[in-house]
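**Q** Have a look at the structure that comes next, please.
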Amino acid sequence: MVEIAGAILVGLADDLGIVSGKAAHQEGGDVQLLPGCKIVSQNDCNFGIKHSSLFHAGSKVALDQDVSNHAFEGLERLCMEPGTDGILTAPAFPGIERIEAQFSGNAFEPHRHDTYALGVTIKGVQTFSYRGKRRFSMPGQVIVLHPDEEHDGGAGTDDGLQYRMLYLEPALLFECLDAEKIGLPFVDEPVIGDPILADTLLAALGELDRELDELFVDDFVSRVAGGLAKHARTPLRPLANVAWERTRLARDYLEAHATEAVRSGELEVVTGLDRFSLARHFRAAFATSPHRYLLMRRLQQARVMIGAGEGLSDVAAATGFADQSHLTRHFKKAYGLTPGQWAGLRRVSPQGRSAAR
Numbered sequence: 003m004v005e006i007a008g009a010i011l012v013g014l015a016d017d018l019g020i021v022s023g024k025a026a027h028q029e030g031g032d033v034q035l036l037p038g039c040k041i042v043s044q045n046d047c048n049f050g051i052k053h054s055s056l057f058h059a060g061s062k063v064a065l066d067q068d069v070s071n072h073a074f075e076g077l078e079r080l081c082m083e084p085g086t087d088g089i090l091t092a093p094a095f096p097g098i099e100r101i102e103a104q105f106s107g108n109a110f111e112p113h114r115h116d117t118y119a120l121g122v123t124i125k126g127v128q129t130f131s132y133r134g135k136r137r138f139s140m141p142g143q144v145i146v147l148h149p150d151e152e153h154d155g156g157a158g159t160d161d162g163l164q165y166r167m168l169y170l171e172p173a174l175l176f177e178c179l180d181a182e183k184i185g186l187p188f189v190d191e192p193v194i195g196d197p198i199l200a201d202t203l204l205a206a207l208g209e210l211d212r213e214l215d216e217l218f219v220d221d222f223v224s225r226v227a228g229g230l231a232k233h234a235r236t237p238l239r240p241l242a243n244v245a246w247e248r249t250r251l252a253r254d255y256l257e258a259h260a261t262e263a264v265r266s267g268e269l270e271v272v273t274g275l276d277r278f279s280l281a282r283h284f285r286a287a288f289a290t291s292p293h294r295y296l297l298m299r300r301l302q303q304a305r306v307m308i309g310a311g312e313g314l315s316d317v318a319a320a321t322g323f324a325d326q327s328h329l330t331r332h333f334k335k336a337y338g339l340t341p342g343q344w345a346g347l348r349r350v351s352p353q354g355r356s357a358a359r
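Take a look at the structure:
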């Protein structure tokens with residue numbers, strides 16, 4: 003049993019991997035592990051996912067975490083060797099990136115994505131700083147990080163951490179939610195006890211060697227959008243006076259010219275908006291700035307080239323960075339790792355060897 007925020011978390015000890023009577027308490031909304039708490043790692047991935055029943059901290063609502071056998075078999079087959087730090091990448095799909103990560107200690111330095119980062123903790127305790135607080139995620143809980151929100155990440159105990167994460171471009175949610183009318187959902191709490199949303203995510207994350215197809219993605223994004231909307235801070239409401247068509251023109255131009263030095267005047271000509279209005283409308287539409295959107299497109303291309311074994315100086319020149327140090331600085335800000343660290347940790351799923359982003 004683990005006591006968190008006055009609630010009792012009860013699970014199958016062998017599955018959940020938690021021992022100790024009173025292991026945690028809450029201070030200022032954050033869960034703090036107390037001395038004597040021990041998080042027990044397992045030798046395989048059959049851990050805290052398939053048949054654990056627990057109470058969500060602060061809610062005292064029992065969650066029956068019963069992930070589909072299909073997703074769980076994928077977790078079982080593809081999990082990395084215990085004790086091996088690494089990032090396993092999956093075959094790419096437009097607008098979606100999937101990984102499995104396994105680390106001990108602090109894994110990522112503070113960084114930001116221009117996508118939603120949605121994941122499920124598989125093993126251990128995942129800890130990260132987000133929106134001014136230290137957060138903790140246990141096995142089976144869902145993590146929701148919003149675009150352009152700084153965060154770090156690592157293992158909360160000496161026994162290490164394993165999780166799966168999906169990076170979803172906001173454009174997919176826009177299309178699904180008809181966001182021109184209702185906007186994007188914002189979820190205040192980054193750690194959620196929602197077995198339905200966890201199961202939805204694991205439908206895509208359960209088999210990282212499986213390529214995604216369009217029909218699956220259409221249904222998947224729709225279910226994710228509904229899950230996020232359910233946990234949104236306030237009911238979705240219309241966004242007024244956003245220049246949607248013009249911001250799309252800017253986005254398309256940035257993607258087409260990602261490796262070039264795009265100037266504000268070019269976007270003014272393309273969109274018919276002055277640079278300050280465009281910056282305001284673009285952020286409302288895509289949850290980031292034109293400059294950062296362009297930068298992330300360059301970094302995505304850089305990752306592909308680095309994964310193919312190309313030298314950093316050549317990668318920098320080909321992707322629009324001034325030099326290798328310029329690339330390295332922005333890469334670390336975006337991913338929390340240097341290009342060399344990322345290349346050293348990266349593993350590719352069997353079907354993703356030529357497709358990983």
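Under the working numbering, the letters of the sequence shown match residues 3 to 359, in that order. Glycine residues also receive a C-beta, built at the ideal position from the N, C-alpha and C atoms.
Given a cut-off of 8 Å on the beta-carbon distance, is the pair Gly158 and Ala109 in contact?
**A** Walking along the sequence shown from the start, residue 158 turns up at place 156. Walking along the sequence shown from the start, residue 109 turns up at place 107. Their beta carbons are not under 8 Å apart, which means Gly158 does not touch Ala109 by this criterion.
**Q** Could you pull the start and end residues of the beta strand (DSSP E) that Met167 belongs to?
**A** Position 165 of the sequence shown, counted from the start, is the residue given in the question as residue 167. Taken as a continuous stretch (DSSP letters only), the beta strand (DSSP E) holding Met167 covers 163-170.
**Q** Under the DSSP definition of a beta bridge, which residues are partnered with Ile132?
**A** In the sequence shown, counting from the first residue as 1, residue 132 sits at position 130. According to the sequence provided, residue 132 is Tyr. The question's Ile does not apply to it. For Tyr132, which the question treats as bridged, DSSP gives the partners Lys135, His153.
**Q** For the stretch 292-332, which segments carrying the alpha helix (DSSP H) assignment without a break, of at least 4 residues, lie completely within its bounds, in sequence order?
**A** Counting whole runs of 4 or more residues, the stretch 292-332 contains the alpha helix (DSSP H) stretches 292-309, 314-320.
**Q** Could you tell me how far apart the beta carbons of Leu147 and Phe105 are, in whole angstroms, since I believe they sit closer than 8 Å?
**A** Mapped onto the sequence shown, residue 147 falls at position 145. Mapped onto the sequence shown, residue 105 falls at position 103. About 17 Å; that fails the 8 Å criterion.
**Q** Identify every residue that forms a DSSP beta bridge with Phe278.
**A** The residue labelled residue 278 in the question sits at position 276 within the sequence shown. Answer is none; Phe278 lacks a bridge partner.
**Q** Decide if the stretch 108-123 is in contact with the stretch 136-145; the criterion is three or more beta carbon pairs, one per stretch, under 8 Å apart.
**A** At 8 Å Cβ cutoff, the stretches touch.
**Q** Determine the burial state of Glu278: buried for a count of at least 16 other Cβ atoms within 10 Å of its Cβ, exposed for fewer.
**A** Counting from one through the sequence shown, the residue named residue 278 turns up at place 276. Residue identity differs from the one stated: residue 278 is Phe in this sequence, not Glu. Exposed, since its Cβ has fewer than 16 Cβ neighbours within 10 Å.
**Q** Thr249 and Ser188 - do their beta-carbons sit closer together than 8 Å?
**A** Taking the first residue of the sequence shown as 1, we reach residue 188 at position 186. Taking the first residue of the sequence shown as 1, we reach residue 249 at position 247. Correcting the residue identity first, residue 188 is Phe in this sequence and not Ser. No, Cβ-Cβ distance for Phe188 and Thr249 is not below 8 Å.
**Q** How about Gly97 and Leu168: are their beta carbons less than 8 Å apart?
**A** Taking the first residue of the sequence shown as position 1, residue 97 is located at position 95. Taking the first residue of the sequence shown as position 1, residue 168 is located at position 166. The answer is no: Cβ separation not under 8 Å.
**Q** I think Pro172 touches Tyr132, with their Cβ atoms under 8 Å apart; what is that distance to the nearest whole Å?
**A** Reading the sequence shown from its first residue, position 170 is the one you call residue 172. Reading the sequence shown from its first residue, position 130 is the one you call residue 132. Their Cβ separation, rounded to whole angstroms, is 18 Å, which puts Pro172 and Tyr132 out of contact at 8 Å.
**Q** Would the stretch 248-262 and the stretch 216-224 be scored as touching if the rule is three or more Cβ pairs under 8 Å?
**A** No contact exists between the stretch 248-262 and the stretch 216-224.
**Q** On a Cα-Cα basis, can you pick out the residue from Ile194, Asp211, Val223 that is closest to Thr202?
**A** In the sequence shown, residue 202 corresponds to position 200, counting from 1. The residue with the shortest Cα to Cα distance from Thr202 is Val223.
**Q** Can you tell me whether Pro2 is helix, strand or coil according to DSSP?
**A** Residue 2 cannot be examined here, being either before or after the span of the chain that is shown, 3 to 359.
**Q** Taking Cβ to Cβ, would you say Leu296 is nearer than 8 Å to His332?
**A** Taking the sequence shown and counting its residues from 1, the one referred to as residue 296 is at position 294. Taking the sequence shown and counting its residues from 1, the one referred to as residue 332 is at position 330. For Leu296 and His332, no; Cβs fall outside 8 Å.
**Q** Assign Val121 to one of three DSSP states: helix, strand, or coil.
**A** Locating residue 121 in the sequence shown gives position 119, counting from the first residue. Reading off the sequence shown, one finds Gly at residue 121, where the question assumed Val. Three-state DSSP puts Gly121 in a strand.
**Q** Are there 16 or more other CB atoms within 10 angstroms of the CB of Glu209, so buried, or fewer, so exposed?
**A** Position 207 of the sequence shown, counted from the start, is the residue given in the question as residue 209. The residue is buried, with at least 16 neighbouring Cβ atoms inside 10 Å.
**Q** Between which two residues does the alpha helix (DSSP H) containing Ala109 stretch?
**A** On the sequence shown, residue 109 is found 107 positions in, with the first residue counted as 1. Where Ala109 is concerned, there is no enclosing alpha helix (DSSP H), although the beta strand (DSSP E) it sits in stretches over 108-113.
**Q** Please tell me whether, using a cut-off of 7 Å, the distance from the CB of Arg248 to the nearest non-hydrogen atom of the ligand PLP is below it.
**A** What this structure holds is no ligand at all, so the ligand PLP is not there to describe.
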